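Asks: Its first residue numbered 154, the sequence shown is counted upward by one per residue in the numbering used here. The C-beta atom is built at its ideal place from N, Cα and C for all residues, glycine as well. Please read all numbers here as calculations on a predicted model, not as lab measurements. Quick one: structure below, then a few questions.
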Amino acid sequence: MAEANQGVSSLPLPPMQFISLYTDENMQRGRVPRPPPPIKDSYNMFGIKFDSDDQIIRPLENQGLRRLYPQSYDHKRELKKLNYSILVNFLDLLDILIKSPDNPQKRGEKIMDLELLFIHMHHLINEFRPHQARETLRVMLEVQKRQRIETAEKFQKHLDKVSEIMNTSLSVISEAAGLDSKLMIKTEPMDVDDSAKQTLTEAAETEARDKMMCGIVDAMGT
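See the structure below:
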């Protein structure tokens with residue numbers, strides 16, 4: 154009963170036989186399958202044949218449609234005209250349904266006219282797609298630029314803070330080194346005085362010994 158009530162997806166299941174090949178290990182070792190080569194000829198999509206050399210927005214003539222506006226035109230003006238024409242043709246269709254409900258030919262012609270008008274309107278809108286893509290890319294690049302500038306400013310703030318801490322530390326170290334040098338300078342004269350006193354004492358003792366030796370020599374001579 155539970156299996157009967159289980160929902161079934163309308164979309165195809167993911168291709169697990171391919172997904173399982175794209176593991177981190179296979180990607181690091183280069184074992185993942187190569188992408189398919191780009192299509193060089195024609196291909197079918199949703200039952201419609203496309204050529205790889207076709208323009209992104211194909212002209213109406215290439216699609217077998219009659220052009221309702223000139224080659225040189227203003228998009229804004231033509232869209233307004235098409236919008237007005239769709240409204241008028243829709244009112245005509247309502248009038249046909251009221252006055253001639255049993256006339257399928259007129260009804261079919263008016264529906265085809267409305268279909269052609271909608272195709273032209275969508276074609277004009279689609280011609281803005283490249284411009285929209287460029288604008289979207291420009292906005293994305295501006296966002297990335299702003300994020301990178303903000304990141305660079307944050308790094309600069311951290312760098313300034315680190316430089317300030319380093320300068321403060323260097324100033325503290327230099328002050329401590331200066332204080333030590335002053336203490337060393339004050340102790341040096343004391344060392345000099347002690348050495349001078351020691352030198353004078355040694356000289357006096359030497360002079361006394363010399364006088365004693367001279368006295369002994371003089372006494373021996375007499």
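1. Please determine if the stretch 217-225 and the stretch 270-279 are in contact, where contact requires at least 3 C-beta pairs separated by less than 8 Å.
2. When you compare the stretch 253-262 with the stretch 203-218, are there three or more beta-carbon pairs, one atom per stretch, that lie closer than 8 Å?
3. Applying the 10 Å Cβ sphere with the 16-neighbour rule, what's the burial state of isoleucine 249?
4. Kindly indicate which residue of Arg230, Ile201, Glu280 has the alpha-carbon position closest to the one of isoleucine 210.
5. For lysine 202, name the three-state secondary structure that DSSP assigns.
6. Could you tell me the distance, in whole angstroms, from the CA atom of valine 241 to the CA atom of leucine 269?
7. State the start and end residues of the unbroken alpha helix (DSSP H) segment that holds valine 161.
8. Quick one: what does DSSP say tyrosine 237 is sitting in, helix, strand or coil?
9. Starting from isoleucine 278, trace the alpha helix (DSSP H) in both directions and tell me its first and last residue.
10. Going straight from the alpha carbon of isoleucine 201 to that of serine 162, what length do you get?
11. Taking buried to mean at least 16 other C-beta atoms within 10 Å of its own C-beta, is leucine 235 buried or exposed?
12. Check this for me: beta carbons of leucine 277 and histidine 228, under 8 Å apart or not?
13. Between valine 377 and tyrosine 196, how many whole angstroms is the CB-CB distance? I'm expecting something under 8 Å.
14. Would you identify the three-state DSSP class for serine 316, choosing helix, strand or coil?
15. Please classify valine 345 as buried or exposed, where buried requires at least 16 neighbouring CB atoms within 10 angstroms.
16. Determine, using beta carbons only, whether leucine 246 and leucine 232 come nearer to each other than 8 Å.
17. Can you look up serine 324 in the DSSP assignment and give me helix, strand or coil?
18. To the nearest angstrom, how far is the alpha carbon of valine 325 from that of isoleucine 302?
Replies: This is what the structure gives:
1. Yes, the stretch 217-225 touches the stretch 270-279.
2. Two segments are said to touch when three or more pairs of C-beta atoms, one from each, lie closer than 8 Å; by this definition the stretch 253-262 does not touch the stretch 203-218.
3. By one-based count along the sequence shown, residue 249 stands at place 96. Residue environment analysis places isoleucine 249 among the buried positions, since at least 16 neighbouring C-beta atoms fall within 10 angstroms of its C-beta.
4. For the purposes of this step, residue 210 is taken as residue 57 along the sequence shown, with counting starting at 1. By alpha-carbon distance to isoleucine 210, the top candidate from Arg230, Ile201, Glu280 is Glu280.
5. Walking along the sequence shown from the start, residue 202 turns up at place 49. Correct three-state label for lysine 202: strand.
6. Along the sequence shown, one-based indexing puts residue 241 at 88. Along the sequence shown, one-based indexing puts residue 269 at 116. Straight through space, the alpha carbons of leucine 269 and valine 241 are spaced by roughly 14 Å.
7. Numbered from 1 along the sequence shown, position 8 holds the residue referred to as residue 161. Element bounds for valine 161: n/a, residue is neither H nor E.
8. Within the sequence shown, the letter at position 84 stands for residue 237. Helix at tyrosine 237.
9. One-based indexing of the sequence shown puts residue 278 at position 125. Per DSSP, isoleucine 278 belongs to the alpha helix (DSSP H) from 257-279.
10. Taking the sequence shown and counting its residues from 1, one reaches residue 201 at position 48. Taking the sequence shown and counting its residues from 1, one reaches residue 162 at position 9. About 25 Å.
11. As a first step, residue 235 is located in the sequence shown; it is residue number 82 there, counting from the start. Leucine 235 counts as buried, since at least 16 other C-beta atoms from the protein chains shown sit within 10 angstroms of its C-beta.
12. Position 124 of the sequence shown, counting from 1, holds the residue named residue 277. Position 75 of the sequence shown, counting from 1, holds the residue named residue 228. At the C-beta level, leucine 277 and histidine 228 come within 8 Å of one another.
13. Here the chain has residues from 154 to 375 only, and residue 377 is not among them.
14. On the sequence shown, residue 316 is found 163 positions in, with the first residue counted as 1. Note: serine 316 maps to helix in three-state DSSP.
15. Stepping through the sequence shown from its first residue, residue 345 is reached at position 192. Low local confidence applies: a pLDDT of 47 at valine 345 is under 50, so the model's placement there is unreliable, and no value is given.
16. On the sequence shown, position 93 is the one that residue 246 refers to. On the sequence shown, position 79 is the one that residue 232 refers to. Their beta carbons are not under 8 Å apart, which means leucine 246 does not touch leucine 232 by this criterion.
17. To locate residue 324, count along the sequence shown from 1; it is residue 171. Serine 324: helix per DSSP, three-state reduction.
18. Counting from 1 along the sequence shown, the entry for residue 325 is found at position 172. Counting from 1 along the sequence shown, the entry for residue 302 is found at position 149. It is roughly 34 Å from the alpha-carbon of valine 325 to the alpha-carbon of isoleucine 302.
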